[in-house]
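Each residue of the sequence shown is one higher than the one before, starting from 16 at the first, in the numbering used here. Let me begin by presenting the structure, written as structure tokens, before commenting on it.
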Amino acid sequence: MTDCLFCKMVARQIQPAVVYETEQVLAFRDIHPKAPTHVLVIPKKHLPTLNDLAAEDTALAGELLQAVKIVAEQEGLAQSGYRTVINCNGHAGQEVFHLHLHVLGGRTLKWPPG
Ligand code: AMP
16 MTDCLFCKMV ARQIQPAVVY ETEQVLAFRD IHPKAPTHVL VIPKKHLPTL NDLAAEDTAL
76 AGELLQAVKI VAEQEGLAQS GYRTVINCNG HAGQEVFHLH LHVLGGRTLK WPPG
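As structure tokens, this is what we get:
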């Protein structure tokens with residue numbers, strides 16, 4: 016998608032602060048962190064929302080979760096704890112319509128979210 020911000024990061028037309036990358040997945044620091052550590056894990060394939068995940072994307076979904084786990088370990092969050100969030104569409108406040116998993120940690124996070 017030519018006008019998608021995160022696709023531009025995958026293509027390196029915009030340079031993200033990359034913390035992890037595989038053939039299918041990219042993880043980079045959120046530009047407006049909501050916690051001391053805030054990383055976004057995205058599929059390189061353009062999927063606008065979680066609703067667009069197809070049966071054929073099942074392996075990709077697993078790879079995204081593996082990436083979250085690896086990022087949490089790399090960032091020193093695995094033992095202290097962290098939260099993974101996927102915002103989907105309007106009521107969740109999704110702003111960027113390229114599927115992404117937030118990885119938030121480094122402080123105590125409140126529950127339930129607002
Ligand atoms: P969401 O509300 O779930 O769609 O989250 C989108 C996230 O993308 C927000 O946390 C933004 O701070 C983040 N974001 C927006 N632009 C950039 C950017 N250029 N680089 C890194 N993160 C960004």
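Built from N, CA and C at the ideal position, the CB exists for glycine as well. Remember, it's a predicted structure, so these values are computed and weren't measured experimentally.
(message) Could you check whether the stretch 99-106 touches the stretch 20-39, counting it as contact only if at least three pairs of C-beta atoms, one from each stretch, sit closer than 8 angstroms?
(response) The way I'd put it, the stretch 99-106 doesn't touch the stretch 20-39; fewer than three beta-carbon pairs between them come closer than 8 angstroms.
(request) State yes or no: is the C-beta of Gln28 nearer than 7 angstroms to some heavy atom of ligand 1? (result) Look at Gln28: its beta carbon is at least 7 angstroms from all of the heavy atoms in ligand 1.
(message) Can you check which of these residues, Leu68, Leu62, Phe21, is closest to Asp45 by C-alpha distance?
(response) Closest option to Asp45, Cα to Cα, is Phe21.
(message) Here's a check: name, in chain order, each residue in its chain whose Cβ is nearer than 8 angstroms to the Cβ of Thr64, leaving out the five neighbours to either side.
(response) So the qualifying residues of the chain are Cys103, Asn104, Gln109, Phe112, Leu114.
(message) So, with DSSP's three-state summary, where would you put Tyr71?
(response) Sequence check: residue 71 is Glu here, not Tyr. DSSP places Glu71 in helix when its eight states are reduced to three.
(request) Have a look at Pro128 and Arg98 and give me their C-alpha separation to the nearest angstrom. (result) Looking at the backbone, the Cα of Pro128 and that of Arg98 are separated by about 11 angstroms.
(message) Spatial neighbours of Gln30 within its chain, please: C-beta separation below 8 angstroms, excluding the five flanking residues on both sides.
(response) Here the set comprises Met24.
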